[in-house]
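To start, the structure under review is shown below, and the notes come after it.
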Amino acid sequence: MNNQIPEIASPTRTRAIMESYGLTFKKSLGQNFLTDINILKNIVAAGQVSEDDDIIEIGPGIGALTEQLAKRAHKVMALEIDERLLPVLADTLSPYPNVEVVHQDILKADLQALIAQHFDGKHPIKIVANLPYYITTPIIMHLLESGVDFAAIVVMMQKEVADRLSANPGNKDYGSLSIAVQYQMDAQIAFIVPKTVFIPQPKVDSAIVVLQKRPVEKYHVNNYSHFQKLVKGCFAHRRKSLWNNLQALYGKQPEQKQLLQEVLAKLELAQSVRAETLSLEQFIALSEELEKYDII
Ligand code: SAM
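Numbering (the numbering used here) for the sequence shown: -15 to 280.
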């Protein structure tokens, strides 16, 4: 389809499009546009995007990734905050009737409502995006807390954040973000992207992270908000022991200490152990044991 039209993703076309609309890149909106067609194709491949899929893209920019998604997906809904880009997108994406651009701040988006409005509910929904880096973590949390059953979330982000999302216990990058993500989905880095393929160039290299829905639920905790509080508290002071962080979280009164000691002993966790060595299963067990003692 549309083989005669040059792809949006090239340094020359990206500059030409921006110039013809008299636009500059807004650093405050994380506008680093991808200009390498092979990388865009690899992102779409990492998401195994097929004509059965409905795709939500966050931040289409001038449409470089949107175009590649539109060629393969059933439908693409692209959410863009920058009003200046709307006429550009109307133009660059005009050959693709299966794309809808919505002027929307992703962090304020009611995703369930947008999905009901723009998709027919008959197709798996995937997120595929080159994220604005200044809000990578809030976006991931917003997606995970949206209640939408995404088949996959395939997103480009700073490599250091990608390392945190996909880290395993014992790794220096393992923390509350790794746990929040991996509680719901399998996380893997698909490939690294050098900073040289963007205009303008960001300061750091990037990575594509693939979060995959599990066929069956792997982890379940009774009280998720207590689990979240526990995990955050245990990583509040990374250099301190789990024991110290637990006391800071739940109190240092002698009776409370006694109960906390009992819980740790029951789970065979040494007082000297650090949160970063605990597996997700161990955090779940700790959360549920604390609840039995009414420590929440
Ligand atoms: N998809 C394009 C690409 O790959 O070349 C642009 C990606 S650029 C890294 C991030 C895009 O997100 C920009 O178009 C920016 O305007 C948009 N953006 C920034 N903050 C946003 C927000 N809160 N909600 C929606 N889009 C946002």
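C-beta: ideal position from N, C-alpha, C; glycine also. Just so we're clear, the structure is a prediction, and the values are computed from it rather than from any experiment.
- Message: Once the 5 residues before and after M(-15) are set aside, which same chain residues still bring their CB inside 7 Å of it?
- Response: Here M(-15) scores only 47 on pLDDT, less than 50, and its place in the model should not be relied on; the value that follows carries that caveat. These residues qualify, in order along the chain: K55.
- Query: How would you label S4, buried or exposed, when you count the other beta carbons within 10 angstroms and need 16 or more for buried?
  - Reply: exposed
- Cβ pair count under 8 Å reaching 3, the region 62 to 73 against the region 203 to 214: no
- Exposed unless 16 or more other CB atoms sit within 10 angstroms - verdict on F17: buried
- Task: Could you give the DSSP three-state label for M(-15): helix, strand or coil?
- Result: Caution is warranted here: a pLDDT of 47 is assigned to M(-15), below 50, making its placement in the model unreliable, and the coordinate value is therefore given only provisionally. Coil, per DSSP.
- Message: Measuring only the C-alpha atoms, how far is V194 from I137?
- Response: 6 Å
- S190 lies in the beta strand (DSSP E); which residues open and close that run? 190 to 197
- What does Q172 pair with, by DSSP beta-bridge criteria? V194
- Task: Under 8 Å Cβ to Cβ from V314, same chain only, skipping five residues before and after it: list those, please.
- Result: Residue 314 is absent from the structure shown; the chain starts at -15 and stops at 280.
- Any non-hydrogen atom of ligand 1 closer than 7 Å to A54 Cβ: no
- Item | Rounded separation between F134 and A232 - CA only | 36 Å
- Heavy atom of ligand 1 within 7 Å of Q15 beta-carbon: yes
- Would you report the Cα separation of P186 and Y208, rounded to the nearest angstrom? 36 Å
- Message: Using 8 Å for Cβ pairs, my map puts T(-2) next to I183. What's the rounded Cβ distance?
- Response: 5 Å
- Task: Rank I90, A57, L91 by C-alpha distance to the C-alpha of N82 and give the top, closest one.
- Result: A57
- Message: Using a Cβ-Cβ cutoff of less than 6 Å, which residues in the same chain neighbour L128 once the five nearest sequence positions on both sides are dropped?
- Response: Q168
- Write down every uninterrupted run of the alpha helix (DSSP H) in the region 219 to 280 whose length is 4 residues or greater and which is fully enclosed by it, in chain order. 226 to 234, 238 to 250, 264 to 276
- Task: Measure the alpha-carbon distance for L243 versus L253 and round it to whole angstroms.
- Result: 14 Å
- Query: Got a sec? Which residues, its chain only, sit under 6 Å from A174 by beta carbon, not counting five neighbours each side?
  - Reply: A30, I192, V194
- Taking three-plus beta-carbon pairs below 8 Å as touching, is the region 71 to 82 in contact with the region 105 to 121? no
- Report, in whole angstroms, the separation of the C-beta atoms of L95 and S130, which I expect to be a contact under 8 Å. 4 Å
- Task: Return the chain-ordered ranges of every beta strand (DSSP E) run that is complete within the region -5 to 45 and spans a minimum of 3 residues.
- Result: 38 to 42
- Task: Taking all protein chains shown into account, decide if P44 is buried (16 or more other Cβ within 10 angstroms of its Cβ) or exposed.
- Result: buried
- Item | Reduced DSSP secondary structure (H/G/I, E/B, other) of K179 | helix
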